[in-house]
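Colleague: First to last, the sequence lines map onto chains A and B.
Heads up, the first sequence is in numbering that gives the first Met the number 0, so the first residue is 0 and it goes up one at a time.
Heads up, the second sequence is in numbering that gives the first Met the number 0, so the first residue is 0 and it goes up one at a time.
Note that beta-carbon positions come from the ideal geometry of N, C-alpha and C, so glycine has one too.
Below you will find the structure I want to go over with you.
There are 2 protein chains.
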Amino acid sequence: MANKKRVYLFREGNATMRDLLGGKGANLAEMTNLGIHVPPGFTITTETCNEYTKLGHLPEGLWEEVLAALADVEKDMGKKLGMADNPLLVSVRSGAKFSMPGMMDTVLNLGLNEDSLKGIIAASGNERFAYDAYRRFLMMFSDIVLSSDYPMLKKEYFEKIFSDMKEKLGAKIDTDVDAANLKELCQKYKEYFKSITGNDFPTDPLEQLKLAIIAVFKSWNNERAIIYRNREKISHDLGTAVNVQTMVFGNMGDDCGTGVAFTRNPATGEDKLFGEFLKNAQGEDVVAGVRTPESIDQMEQEFPTIHTEFEDIADRLEKHYRDMQDIEFTIEKGRLFILQCRSGKRTGVAAVKIAVDMVGEGLINKEEALTRVAPEALEQLLHPRIKNAKDAKVIARGLNAGPGGASGHIALDSKVAIEMAAEGKKVILVREETNPDDLGGMLASAGVLTSRGGRTSHAALIARQYGIPTVCGCSALHINEEKRQIAVNGMVLNQGDVITIDGTLGEVYQGELETEPASVTGDFGTFMAWTDEYRKLGIRANADTPEHAADAVALGCEGIGLCRTEHMFLGSERAPLVADMILADNEETREKALAKLLPFQRAAFVGIFKAMGGRPVTVRLIDPPLHEFLPAHTDLLMEITEMRCKNPNDPALPAKEELFRKVMDMHEANPMLGLRGCRLSIYFPGIVNMQVRAIIGAACELKKAGLEVHPEIMIPLIGTVEELAYLKAQLTDVATDEMKSEGVEVDYKIGTMIEIPRAALTADEVAKEAEFFSFGTNDLTQMGYGISRDDAGKFLPLYIEKQIFKTDPTETIDQKGIGRLMKICVDDAKAVNPTIKLGICGEHGGDPDSVKFCHRLGLTYVSCSPKRIPVARLAAAQAAIEEKGNASQRDK
Amino acid sequence: MANKKRVYLFREGNATMRDLLGGKGANLAEMTNLGIHVPPGFTITTETCNEYTKLGHLPEGLWEEVLAALADVEKDMGKKLGMADNPLLVSVRSGAKFSMPGMMDTVLNLGLNEDSLKGIIAASGNERFAYDAYRRFLMMFSDIVLSSDYPMLKKEYFEKIFSDMKEKLGAKIDTDVDAANLKELCQKYKEYFKSITGNDFPTDPLEQLKLAIIAVFKSWNNERAIIYRNREKISHDLGTAVNVQTMVFGNMGDDCGTGVAFTRNPATGEDKLFGEFLKNAQGEDVVAGVRTPESIDQMEQEFPTIHTEFEDIADRLEKHYRDMQDIEFTIEKGRLFILQCRSGKRTGVAAVKIAVDMVGEGLINKEEALTRVAPEALEQLLHPRIKNAKDAKVIARGLNAGPGGASGHIALDSKVAIEMAAEGKKVILVREETNPDDLGGMLASAGVLTSRGGRTSHAALIARQYGIPTVCGCSALHINEEKRQIAVNGMVLNQGDVITIDGTLGEVYQGELETEPASVTGDFGTFMAWTDEYRKLGIRANADTPEHAADAVALGCEGIGLCRTEHMFLGSERAPLVADMILADNEETREKALAKLLPFQRAAFVGIFKAMGGRPVTVRLIDPPLHEFLPAHTDLLMEITEMRCKNPNDPALPAKEELFRKVMDMHEANPMLGLRGCRLSIYFPGIVNMQVRAIIGAACELKKAGLEVHPEIMIPLIGTVEELAYLKAQLTDVATDEMKSEGVEVDYKIGTMIEIPRAALTADEVAKEAEFFSFGTNDLTQMGYGISRDDAGKFLPLYIEKQIFKTDPTETIDQKGIGRLMKICVDDAKAVNPTIKLGICGEHGGDPDSVKFCHRLGLTYVSCSPKRIPVARLAAAQAAIEEKGNASQRDK
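Here is the structure:
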């Protein structure tokens with residue numbers, strides 16, 4: 000540990016050192032070595048951050064390394080930190096392995112004090128600029144570095160002092176305040192600082208630097224960073240690097256400026272430089288969305304030479320990294336500096352278009368294209384679009400920051416948005432601008448609308464990352480926080496009113512507009528076709544109705560892996576028949592009720608089989624505990640208590656009491672572990688007999704009509720081979736009988752779900768009786784963990800927070816435990832029944848990590864909800880490509 | 000299959016062929032080859048029974064083999080089946096691999112018809128005997144062979160015809176009826192047979208034989224046989240053999256007789272011939288308990304030579320088989336025939352004494368002695384004894400057929416006994432005599448009392464086998480079925496009244512007498528000491544109080560494997576504190592409530608640690624869902640509904656509603672899979688902190704008093720290593736703090752229960768954090784099977800009945816599935832933590848098969864309820880001996 004290098008000058012690193020230097024540091028090093036003009040600096044490693052976290056203080060020896068690196072930078076720049084004569088200013092920024100925009104802390108202009116201020120004034124010849132930088136530094140340093148100890152040092156208190164001064168001066172915008180006033184403001188800031196802390200503002204630049212480094216380390220574990228990592232499944236052990244870099248200034252005058260640009264359009268994927276630029280401004284003005292910047296095209300007019308230079312650099316960087324880049328730059332007194340470069344976040348739409356285009360350009364191959372798009376992002380391509388906006392009135396226009404259409408109730412802050420969403424309402428979050436604290440509210444909303452901020456503002460960034468339809472910088476919008484109203488072009492809307500936004504066009508409508516699903520065409524179609532060239536896993540859908548089945552076919556499914564049948568027992572016509580059946584005192588009454596259900600179910604299967612056009616359909620026989628179809632015992636108890644109290648002789652009472660008795664007879668302490676699945680079918684054989692009659696009858700009907708049909712009958716909740724053998728024998732008899740009476744034979748299979756741990760552990764027996772297995776990973780996870788999803792709400796969030804669960808096992812298959820059970824099952828099943836079909840139909844079937852795991856397990860197919868099908872297809876293709884990669888690595 | 004030999008003459012078999020010939024057939028063969036006088040015959044194999052069951056008819060070729068064997072027997076005896084001249088009569092009996100007394104069918108006197116009857120009369124010179132045999136045959140054949148098709152052919156209808164005749168004749172007992180009347184009775188039987196079936200009674204002896212063989216095959220799957228096998232864990236695939244054997248007659252006159260004898264006393268183990276004898280009677284008279292037979296000693300006086308011959312044979316057989324034998328014999332006209340010989344069923348008490356005695360006699364060695372006693376039988380030695388009967392009035396005396404004292408409510412039939420037991424009452428079943436249909440009622444009873452039947456009657460047999468305290472042949476007892484009363488020596492008792500029986504002395508008392516537990520002394524003590532010489536598994540107890548702990552130590556436990564702590568939260572003083580704690584709105588209130596619970600719990604642990612005298616004590620931290628300590632939500636709902644209805648302004652209503660709201664907040668859909676075990680401890684850290692403070696505080700207190708103490712803290716329901724690591728860190732801090740404040744260090748361990756499948760599957764991680772594992776096989780089985788024991792009541796009986804579960808996995812560990820999970824866990828845990836202690840504390844810890852499995856798994860100890868400790872000790876010793884046997888077999 001003692002000999003480990005902790006500090007790297009930019010020229011000492013390269014792009015492969017992301018683990019150690021973070022993404023930003025590695026890229027700054029890479030660019031430096033590419034000869035691109037990057038302000039010099041150095042990076043403190045992520046490992047050092049972890050050391051700090053463990054120790055609670057800076058590790059021994061670090062500071063000496065920092066000073067040596069600083070001396071190198073000072074020599075390179077010919078400047079010195081804190082010197083009155085030609086002073087060096089630096090930025091101190093976080094930079095983790097994976098980008099976490101806005102989640103951690105940054106300090107700019109570090110090194111300013113009364114001495115160096117003089118040097119800056121001398122060097123820039125611009126007193127106003129120098130005091131502006133100073134007042135920004137005083138505020139930012141106080142806020143970032145010290146406000147966790149002194150809450151009154153938060154930014155807002157300094158802003159208040161500034162706005163009070165502006166009001167007194169009658170100044171409208173910051174630039175209306177002159178150098179003298181800014182100098183006075185700096186004095187006020189320092190007085191305020193002392194009034195809060197009792198100490199003078201730190202003047203020693205090295206002390207400033209040390210405190211700032213510590214603040215960045217600490218920011219790795221601030222609350223919003225932890226929430227972000229949990230959501231993004233980024234490990235909490237990675238730590239952040241710290242980049243200390245020479246400051247350059249975009250706000251020294253009209254020959255200065257700053258901007259952020261993408262080498263291609265991150266919203267649409269269009270192959271055209273896309274970005275924003277502000278003259279005479281510092282970078283944070285752009286990123287924070289405080290001022291609405293101009294388009295990058297504006298730079299071409301104002302700084303034509305620099306624009307060309309920048310275009311050239313952008314092109315070099317894109318070609319070097321073979322991916323679309325997100326580049327921060329600053330123009331200081333007519334000189335272009337590249338401050339940062341990283342792979343640009345993009346919408347799913349853009350990701351697909353860029354990948355397809357780059358294959359066309361010969362920049363990458365199909366395999367690379369397929370690995371470039373996060374499977375989850377494809378779901379964004381399926382965002383509904385506004386169907387017909389012709390007659391609707393556009394009440395405002397803004398920037399089309401996140402594609403897709405959405406309607407919802409106006410919420411004016413994140414808290415309200417989360418509350419409304421919890422009530423089941425669709426929400427449009429409407430804010431002046433958003434900041435990292437709004438993440439929760441944004442994720443809870445169907446769409447986001449802001450009045451300020453551009454395409455690279457926080458709102459736009461999040462919109463792209465999470466695929467939230469978003470309209471930004473809608474300047475016609477005026478928000479009245481107090482009255483909880485918004486005013487738009489003379490119209491007033493209240494919080495709770497419904498609006499619609501079109502994030503694809505940047506338009507806002509009053510009221511709700513109809514939307515329609517997207518289709519798999521164009522680049523999206525091309526891309527999805529490529530996934531099919533690579534993947535080995537079959538993709539099926541979980542679909543219960545002809546409508547779902549049709550959607551799933553349109554999205555590329557190859558069959559139904561799970562057709563639930565519970566809904567076939569519900570509905571106003573059917574539910575009373577089901578209650579009759581369950582509560583019947585004798586088999587005869589039960590059989591009569593079942594006979595009435597048969598035609599409903601047969602018709603339902605005819606519809607589904609038709610929609611699937613000959614693809615296999617796995618039908619799961621009835622699964623939930625019967626009491627789910629019955630009235631709640633607590634409701635009955637209340638009714639009875641009330642009736643007894645009001646009129647004990649109520650003639651309706653005895654029947655109600657009898658009903659209660661029967662319902663209580665079916666009541667279970669742990670319904671999840673009770674009379675359900677195959678147990679129910681052994682207990683009440685009539686129900687599944689009726690279901691098999693309906694399935695086989697429907698199949699025969701279609702076959703006679705000349706259609707192809709392949710039903711697969713799936714028996715749920717098998718724990719022992721004897722259960723399966725018992726029901727298989729019974730159901731085979733019913734199927735044979737039904738085919739005989741229909742006069743035609745159909746191809747059908749009988750198999751089982753593997754959702755009880757014991758079934759997986761005894762697969763060598765169970766597989767002998769089954770033609771297919773389908774992992775019911777929801778239940779397998781429930782039983783394997785001993786956790787009911789219905790009841791986990793109390794402690795699961797606590798578990799995630801405390802990192803007891805690194806990922807939520809109900810979302811992603813727990814490969815270590817539940818996955819091991821699956822592996823045992825797969826190996827044992829194949830050993831005794833090599834032709835067995837193996838699938839998965841739990842909700843994990845649409846989770847990319849889980850899909851890849853299923854590929855590695857050697858399953859035949861995954862089955863997921865229709866809208867996850869593109870996700871699963873891509874994940875399956877990536878799994879196959881990764882496997883090839885691993886195989887070729889092994890070959891070396 | 001075609002060439003497989005299906006029929007074996009007795010001289011063709013031997014004792015090792017039990018699988019094929021059944022126990023009875025193998026022993027008849029063995030005895031035949033020992034030169035003991037056995038009536039000749041042959042055995043049809045058990046495999047043939049299975050063939051029959053599969054085919055539904057006799058397999059081809061069997062009949063020819065039967066005829067050939069029959070011809071051999073006929074030649075041997077010089078008689079012929081069905082001939083008028085010197086006819087052969089045979090018995091046709093079942094005989095499975097394992098004895099199933101009275102469970103299957105037997106036909107005697109087969110071969111009788113009008114022709115052969117003449118031959119019998121001629122041969123015996125006793126017309127009355129011949130007709131008596133004939134009327135028995137007519138009845139038995141009809142009942143056994145044909146009553147499943149014709150229910151009106153059941154024995155009782157024939158008995159009725161006989162008793163009507165006796166009444167008309169004024170005959171008191173059977174022997175009062177003369178030959179002429181018996182002849183008339185036979186005629187009536189044949190007429191009755193024809194009136195029911197429409198056919199004549201079958202006269203062809205070969206047809207009789209064929210039908211009887213089929214009837215025996217069928218009886219393998221009669222209901223009571225299946226129930227018996229389920230209880231005894233005998234496989235249903237074994238099938239029964241059929242023994243066809245020459246009839247000899249004990250009822251041909253006063254130079255005849257029949258009896259059953261044990262080579263040692265089966266109730267006490269005393270080394271003295273023990274049995275019963277009836278002059279001029281057929282065997283079934285003895286076994287069925289219809290006539291109360293005399294003691295075997297009576298035979299010595301009446302047939303001194305034969306008695307000596309019999310004693311000699313008994314001695315030879317016991318020495319040959321090196322075990323106590325149960326021998327059936329018949330004296331026909333002064334000649335002794337041995338009809339059957341098998342290892343005698345015995346009480347646990349007898350089994351232990353015989354085993355210990357035989358070691359003393361040099362007949363067997365200690366290892367054999369230990370394998371001779373069924374572990375389950377030891378529980379019988381722990382039957383309570385009547386403590387002080389001095390002042391109690393003996394109301395009747397009978398035979399001491401099953402040792403132990405028992406009090407209970409009189410039930411006059413098995414149905415009532417089962418119902419009363421289901422209500423939680425202790426029952427004494429009082430019957431004239433019992434028959435195989437009474438098995439269920441006897442098992443439900445604490446004791447059995449019969450007015451007829453001797454020590455080898457059905458009641459006595461079952462009493463011995465299942466260790467039910469039983470008094471037989473209590474002739475003073477008169478049962479009035481109609482009035483549901485019994486009269487005893489002038490006293491009248493009603494069904495439901497309480498009596499006490501002393502099965503050790505054969506006495507009956509009115510009312511309830513106090514009982515005391517047995518102790519491990521004398522032969523029992525010697526035997527248990529031997530178990531400790533062989534066993535490798537440690538034996539611990541599940542004990543929650545000082546009293547349980549003391550009982551467990553007396554029975555030989557080496558520590559506590561499971562000290563549950565739930566009861567420490569209950570009781571009138573503590574329960575309200577617990578409710579306060581759970582429902583507290585803030586941590587402060589919760590901490591206050593916990594502080595009040597601390598002294599109670601500490602005192603409880605002091606008591607338990609003292610009782611264990613330095614042995615290790617594993618304390619499980621709080622486990623059940625908290626709502627178990629709260630009022631039922633349904634009760635609250637009823638109360639609130641009633642209050643609202645009666646007086647909506649009731650001032651007590653709001654508080655009740657608030658309580659309901661809080662209780663509902665804790666309500667769970669599946670509490671078994673909810674907030675319990677370690678999850679609860681992570682959610683409410685205060686409870687376990689308090690518990691650890693109490694445990695460590697108590698340990699420190701005792702250590703300071705100079706006592707030895709080894710607490711082991713067990714964290715339940717771990718599913719991931721992170722849960723364990725999290726709590727271990729927290730609890731270690733508490734323990735350290737407590738030791739510091741007590742000023743003394745104690746030796747304590749922290750470990751976990753393995754009861755969540757995932758914990759077993761990830762043992763390579765979990766074992767790194769644990770000093771011990773204890774398998775909670777109750778939950779592991781629940782989760783592994785996905786079956787809640789609370790809810791399995793609906794389908795588990797159906798599963799056992801339909802053989803979907805061959806054994807109940809909640810009683811005996813399912814080695815195939817749950818056992819595999821345990822094996823994975825043990826192997827992985829030892830690999831990363833070779834010194835880890837591994838135990839089991841589920842209820843399976845007292846089940847012999849499960850104990851043996853735990854030995855094979857290589858666990859450190861099993862823990863079971865105190866009264867199962869001797870059972871577990873013996874099972875553990877047997878497992879070690881079996882392992883040696885397997886090892887030495889492998890060595891060969």
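Check whether the Cβ atoms of A:P435 and A:R223 lie closer than 9 Å to each other.
Modeller: Here residue 435 of chain A refers to the residue found at position 436 when the first sequence is read from its first residue. Here residue 223 of chain A refers to the residue found at position 224 when the first sequence is read from its first residue. Their beta carbons are under 9 Å apart, which means A:P435 touches A:R223 by this criterion.
Colleague: Got a sec: which bits of the stretch 670-685 of chain B sit with their beta carbon under 7 Å from any beta carbon on chain A, in order along the chain?
Modeller: P670, M671, L672, G673, L674, R678, I681 and Y682
Colleague: A:N198 by DSSP, collapsed to three states: which one?
Modeller: Numbered from its first residue, the first sequence carries residue 198 of chain A at position 199. Three-state DSSP puts A:N198 in coil, outside helix and strand.
Colleague: Keeping to the same chain, check which residues put their C-beta closer than 6 Å to that of B:H382; ignore five residues upstream and five downstream.
Modeller: Position 383 of the second sequence, counting from 1, holds the residue named residue 382 of chain B. Residues of the same chain with a CB within less than 6 Å of the CB of B:H382, apart from the 5 flanking positions on each side, are G403 in chain order.
Colleague: Could you check whether the Cβ of A:T633 sits closer than 9 Å to any Cβ belonging to chain B?
Modeller: Within the first sequence, residue 633 of chain A is the residue found at index 634, counting from 1. A:T633 counts as touching chain B.
Colleague: Which residues in chain A sit within 8 Å of B:R757, going by Cβ to Cβ distance?
Modeller: To locate residue 757 of chain B, count along the second sequence from 1; it is residue 758. Per Cβ cutoff of 8 Å: G783, Y784, G785, D813, G816 and I817.
Colleague: Along the beta strand (DSSP E) that carries B:G750, what are the first and last residues, could you check?
Modeller: Within the second sequence, residue 750 of chain B is the residue found at index 751, counting from 1. Taken as a continuous stretch (DSSP letters only), the beta strand (DSSP E) holding B:G750 covers K748 to I753.
Colleague: Ends of the beta strand (DSSP E) at B:E331?
Modeller: The residue given as residue 331 of chain B occupies position 332 in the second sequence. Unbroken beta strand (DSSP E) run through B:E331: Q324 to E331.
Colleague: So B:N479 and B:I394 are in contact, right, with Cβ under 8 Å, and what is the actual spacing, rounded?
Modeller: The count along the second sequence starts at 1 and reaches residue 479 of chain B at position 480. The count along the second sequence starts at 1 and reaches residue 394 of chain B at position 395. About 16 Å; that fails the 8 Å criterion.
Colleague: Ordered along the chain, which non-local residues of its own chain (more than five positions away) have a Cβ less than 7 Å from that of B:M970?
Modeller: Since the displayed chain B opens at 0 and closes at 891, residue 970 of chain B lies outside it and no answer follows.
Colleague: Taking A:Q802 as the query, report the chain D residues whose CB atoms sit under 8 Å from its CB, ordered along the chain.
Modeller: In the structure shown, chain D does not exist; the protein chains are A and B.
Colleague: Taking only runs of the alpha helix (DSSP H) that begin and end inside the stretch 14-73 of chain A, which ones reach a length of at least 4 residues, in chain order?
Modeller: 17-33 and 45-54
Colleague: What are the boundary residues of the beta strand (DSSP E) that includes B:L679?
Modeller: Residue mapping note: residue 679 of chain B aligns to position 680 of the second sequence, counting from 1. First-last for B:L679: G676 to Y682, but that is the alpha helix (DSSP H), not the beta strand (DSSP E).
Colleague: How far does the beta strand (DSSP E) with B:E627 in it reach, from first residue to last?
Modeller: Mapped onto the second sequence, residue 627 of chain B falls at position 628. No beta strand (DSSP E) holds B:E627; DSSP gives it neither H nor E.
Colleague: Of all the CB atoms in chain A, is at least one closer than 9 Å to the CB of B:L658?
Modeller: Here the question's residue 658 of chain B lines up with position 659 in the second sequence. Chain A places no beta carbon closer than 9 Å to that of B:L658, leaving this residue out of the contacts.
Colleague: With a Cβ-Cβ cutoff of 9 Å, do A:Q494 and A:Q509 count as a contact?
Modeller: For this step, residue 494 of chain A is matched to residue 495 along the first sequence. For this step, residue 509 of chain A is matched to residue 510 along the first sequence. Not a contact, by the Cβ cut-off of 9 Å.
Colleague: So B:P653 is in the alpha helix (DSSP H); what residue range does that whole segment cover?
Modeller: Translated into positions along the second sequence, residue 653 of chain B becomes position 654. Looking at the DSSP string, the run of the alpha helix (DSSP H) that includes B:P653 is L652 to M665.
Colleague: Applying the criterion that 16 or more other CB atoms from any shown protein chain within 10 Å of the CB defines a buried residue, is A:T761 buried or exposed?
Modeller: Translated into the one-based positions of the first sequence, residue 761 of chain A becomes position 762. So A:T761 ends up on the buried side.
Colleague: Whole alpha helix (DSSP H) runs in the stretch 553-617 of chain B with 4 or more residues, listed along the chain?
Modeller: 574-582 and 586-611
Colleague: So is A:E768 in contact with chain B if we call contact Cβ pairs under 9 Å?
Modeller: Translated into positions along the first sequence, residue 768 of chain A becomes position 769. Chain B, which has no Cβ nearer than 9 Å to the Cβ of A:E768, makes this no.
Colleague: Closest to A:Q690 by C-alpha separation, out of A:C644, A:E590 and A:E744, would be which residue?
Modeller: Here residue 690 of chain A is taken as the residue at index 691 of the first sequence, counted from 1. A:Q690 has its Cα closest to that of A:E590, out of A:C644, A:E590 and A:E744.
Colleague: Looking at C-beta atoms only, is the number of pairs between the stretch 756-773 of chain B and the stretch 830-848 of chain B that lie closer than 8 Å three or more?
Modeller: yes
Colleague: Quick one: list the residues of chain A neighbouring B:Y725, beta-carbon separation under 8 Å, in chain order.
Modeller: The sequence position of residue 725 of chain B within the second sequence is 726, counting from 1. Close partners of B:Y725 in chain A (Cβ separation under 8 Å): K801 and I803.
Colleague: Per the DSSP calculation, A:F261 is bridged to which residue(s)?
Modeller: Taking the first sequence and counting its residues from 1, one reaches residue 261 of chain A at position 262. Its beta-bridge partners are A:F273 and A:D325.
Colleague: Residue range of the beta strand (DSSP E) that B:S93 falls in?
Modeller: The sequence position of residue 93 of chain B within the second sequence is 94, counting from 1. Where B:S93 is concerned, the enclosing beta strand (DSSP E) starts and stops at V89 to A95.
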